[in-house]
Every structure is written in C-alpha cells, then in structure tokens.
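J.: Note that the UniProt record's numbering has the sequence shown beginning at 1, numbered continuously upward. Take this structure, written in structure tokens, and hold onto it; I'll ask about it next.
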Amino acid sequence: MEKSEATAIDVPETSRESKGKAPLLSAPAAVQHTAAPRYKRGVAIFDLILRISAATAALGATVAMGTTEETLPFFTQFFQFQASYDDLTTFSFFVIAMAIVTSYLVLSIPFSIVCIVRPLATGPRLLLIICDTLAVTLATSAAGAAAAIVYLAHNGNSSANWLAICQQFTDFCQRASGAVVGAFVAVALMIFLVLLSAIALRKR
1 MEKSEATAID VPETSRESKG KAPLLSAPAA VQHTAAPRYK RGVAIFDLIL
51 RISAATAALG ATVAMGTTEE TLPFFTQFFQ FQASYDDLTT FSFFVIAMAI
101 VTSYLVLSIP FSIVCIVRPL ATGPRLLLII CDTLAVTLAT SAAGAAAAIV
151 YLAHNGNSSA NWLAICQQFT DFCQRASGAV VGAFVAVALM IFLVLLSAIA
201 LRKR
C-alpha cells in the first residue's frame, strides 16, 4: 500500500511541471510572429511617403526644365538671341527621362499601398525593387548629363572655345540648374526606396 500511494503522489507532480513549462516555450515565438508584420508595415508606410516625395521632386524637375527658355532683350528684326531647352539634345533627353521616371513613381504608388495592406507579401515588393533600380539608373544618367551641360554653361571651356553663356542667359541657367538639383533630390530619394525594399524583403 505504501508503494501505490507513493506512485499516486509522484504522477500529478510531473504532469503539473510539464503543463507549467509549455506556455513559457511558446510565448517568444508568438511575440516574434506578431512583431514582424508591424515592422514591415512601418517600412511600407515610410516607402509610400518617400515615393510621393520622389515623384514630386521628379515632376518639379521635369516642369522646370521643360519651361526653360529665354530671349535676350536686344535683337533686330531679322536676328535675335534665344535659348531654349530643346536647343540641346541633353536637355531634351532630361525632360523625357524625368517624365518617364515621374510617371513610373505615380503608377507605383498603388503597389506601395498593397505592401502596407499586406506587409508579408513578397511579390509586389520584389517588383518595386527591380523597377526602382531601373528608374534610379535612368534618372541618374539624365541628371548627370544635364549637370555637365549646366557646368559648361556657367564656366565654359577655354580649350574648346566654349563660352560661358550664363553671363547673358541668366534666367535660362537658373531654371536649368534648379531642374538638375530637383533631379538629384529625386535620385537620392529613390536610392532610399531601393534600400527600404531590400530591408523589407529580408527574412526574420
């Protein structure tokens, strides 16, 4: 009888210990599972803000360069001095490229909203990071080429006998310079977009 009573007392103690340890082992996994969507949703919201800002900067650069022209006040009936963005192929390429980048950024906003609603979805995020990289490449090439022309317009080149036209066409150069600055701002914001997409795609 003493042996049966001892075994009867030992069985409930072991079952209580196993029941007490089970919740402690499962709690960290549950906390980590719920924290991941919140983290990714926060990244997606910041991505949407940067995307709208980049689209605004790209649109401003496109409009500024597309409306850049100036006519000097001294001219005759048959000859006048005029400068326009379409006189230079580089500036025309700048307007076309930045218009494409602006259109892409506007069209990508719904995909960014999808990433907010579904933070764990990898398809839209993967599509955005690929297209963002292509947009950064296009905007960087357009901004870099236009910056080189603006530099020559301000400083000229004595070796090639290129004159600094900004001494006469001041308004033209100011608007072109502002457009280039806006383009580089858009490039910087889109680089952050690519980094955010890479962070969001990282598994935890």
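Backbone N, C-alpha and C fix where the C-beta goes; we use that ideal spot for every residue, glycine too.
1. Identify whether Ala164 lies in helix, strand or coil by the three-state DSSP scheme.
2. Can you give, in chain order, each stretch of the beta strand (DSSP E) that sits fully within the UniProt domain "Casparian strip membrane protein" (41 to 189) and has at least 3 residues?
3. Is the beta carbon of Thr165 less than 9 Å from the beta carbon of Ala57?
4. Hey, how far is the Cα of Leu195 from the Cα of Gly156?
5. Where does Ala64 land, buried or exposed, given buried means 16+ other C-beta within 10 angstroms?
6. Whole angstroms is fine: what's the gap from Gln167's alpha carbon to Asp86's?
7. Would you kindly check if the distance between the Cβ of Leu50 and the Cβ of Phe192 is under 9 Å?
8. With Ala135 and Val101 assumed to form a contact (beta carbons below 8 Å), what rounded beta-carbon distance in angstroms separates them?
T.: So, to answer that:
1. coil
2. 69 to 71 and 82 to 84
3. One point to set straight first is that residue 165 is Ile, not Thr, in the sequence displayed. The answer is no: Cβ separation not under 9 Å.
4. 37 Å
5. Residue environment analysis places Ala64 among the buried positions, since at least 16 neighbouring C-beta atoms fall within 10 angstroms of its C-beta.
6. 20 Å
7. yes
8. Beta-carbon to beta-carbon, Ala135 and Val101 are separated by about 5 Å, close enough to satisfy the 8 Å threshold.
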